[in-house]
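What follows is a single structure, written as structure tokens, with notes after it.
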């Protein structure tokens, strides 16, 4: 039997990863490159789209070289990405007109306030999202109003908009015979899950919404990508990419999902009620809610989970926590208390408790279920006896508390008694944090063998499109548990600690 492999591109907030997976779901090889974080003003966050694309090419080449396989044995390419981050580029030249505005960026808070005042219910009913600078719509609005001549070019169809997946797929397929554009540009596409994070997409109709385009700055529909299922052949690698990377073979680009949806897919969360939490730069908790979106009474988001067929989708409820892993980076890079991130675990475990110290990591406001864009970080409970170890422990514990805030809201909204939380992402490697998470939730926390399930989810979606895998049952058999963390804290202690968090 001929070996079959899938290449997965995982473009994240801090860097880009390429991974080669075999048909058993094993990682054959991977490569990773960080990119610059650009902060032009306080609260503003940008990335260079061309740097991201160049890094994408580098990690693909490195992963293929490390794999030892023939690059022509790659059956398909899956893409997953930091969501909401917004790129606009010239249709003919392919050059970005401005840096990518990152999901963390708060520059559009004044525009968001206008939407909250007049259109909050309209936006929530159509998109499942609460107006916030987090989402793409107001970023596009800002670009159209602030980049010289951009609005006029947009109205003429001379520029394109996309989230990062769109930018990568457009470049991968540039010049392909399979892309029917006069300039032989790339496939200008996104999937339903990424589109659902723009605040411009009607998640019930699975279409871009004219009313939303109008109220969010009169955005011309000509700049929008075509929204398609998450497992779908969008196009093939163009001649230049095929020659450079794949021995001249055109490879189908056939999987696409936002990073958090891809992680739930990689965790084989295919049944309604299954929940995962990804511990990355932020923390994102998703619950599969089945074939219809669930309206939250507790300020959670409804979003598209994935789609395998045009015009239909599986939905998810989501709680987005903006700063979790980024708080560890702050402890390392800004305060310089530790040299490498892993040292925070050693410090945290060197004390029995925080001695009443609580850390609220609201560096860019608070996400679900609070949605307070003006909240700022704080440390409370400090005494003369507080040491750096107490603060280190408080930082890790804050991640678990914020996760419980969301899980409790999910329980209230759905009536589902969550018994298991599947976890992934960088901070899930911390045994201390995972045990505390199990303790503060009172449920089993399950960590899989493959921690970076985001890349795996993109690979699964791509593989389904080209029949490397035949269905969801086959994928379930590939998922393996590495460790289960069981709650060991008393109910009284759990609730005492959580009351302190709520008071903070």
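In the numbering used here, the protein residues as written are 2 to 505. For glycine and all other residues, C-beta sits at the position ideal for the given N, C-alpha and C.
Counting every other CB atom within 10 Å of its CB across the protein chains shown gives residue 280 a total of 16 or more, marking it as buried. Boundaries of the beta strand (DSSP E) around residue 288: 284-291. Take residue 75, set aside five residues on each side of it, and the residues of its chain with a beta-carbon closer than 6 Å to its own are 6, 8 and 252, in chain order.
Taking all protein chains in view, the Cβ of residue 293 is surrounded by fewer than 16 other Cβ atoms within 10 Å, so the residue is classified as exposed. Counting only runs of 3 or more residues that sit fully inside the region 158-214, the beta strand (DSSP E) segments are 160-164 and 190-192, in chain order. Just measuring C-alpha positions, the residue of 254, 262 and 200 sitting nearest residue 239 is 254. As summarised for the region 432-458, the continuous alpha helix (DSSP H) elements at least 4 residues long and confined to that stretch are 432-442, given in chain order.
Taking C-beta separations shorter than 7 Å and ignoring five residues to either side along the sequence, the partners of residue 310 in its chain run 230, following chain order. DSSP, read as helix, strand or coil, puts residue 12 in strand. Under the 10 Å beta carbon count, residue 375 is surrounded by fewer than 16 other beta carbons and is classified as exposed. In this structure, the beta-carbon distance from residue 141 to residue 103 does not fall below 8 Å. Contact between the region 415-422 and the region 453-467 is absent: fewer than 3 CB-CB pairs across the two stretches fall below 8 Å. The alpha-carbon of residue 175 is positioned some 23 Å away from that of residue 156. Ranked by Cα distance from residue 390, the options 425, 348, 382 and 445 are led by 348. With a contact defined as Cβ atoms closer than 8 Å, residue 92 and residue 159 qualify at about 6 Å. Beta-bridge analysis with DSSP links residue 101 to 48. In the three-state DSSP reduction, residue 425 falls in the strand class (E or B). In this structure the region 212-231 does not lie against the region 240-251, because fewer than three pairs of beta carbons, one per stretch, are closer than 8 Å.
DSSP places residue 364 in the strand class (E or B) of the three-state scheme. For residue 148, the closest C-alpha among the options 90, 380, 94 and 496 is that of 90.
Looking from the CA of residue 206, the closest CA among 13, 313 and 187 belongs to 313. If one requires a minimum length of 3 residues, the beta strand (DSSP E) runs lying completely within the region 363-412 are 379-381, in chain order. For the pair of segments examined, the region 265-272 was found to touch the region 474-485: the number of CB pairs separated by less than 8 Å reaches three. If you look at residue 279, you'll find it in the beta strand (DSSP E) that goes 276-280.
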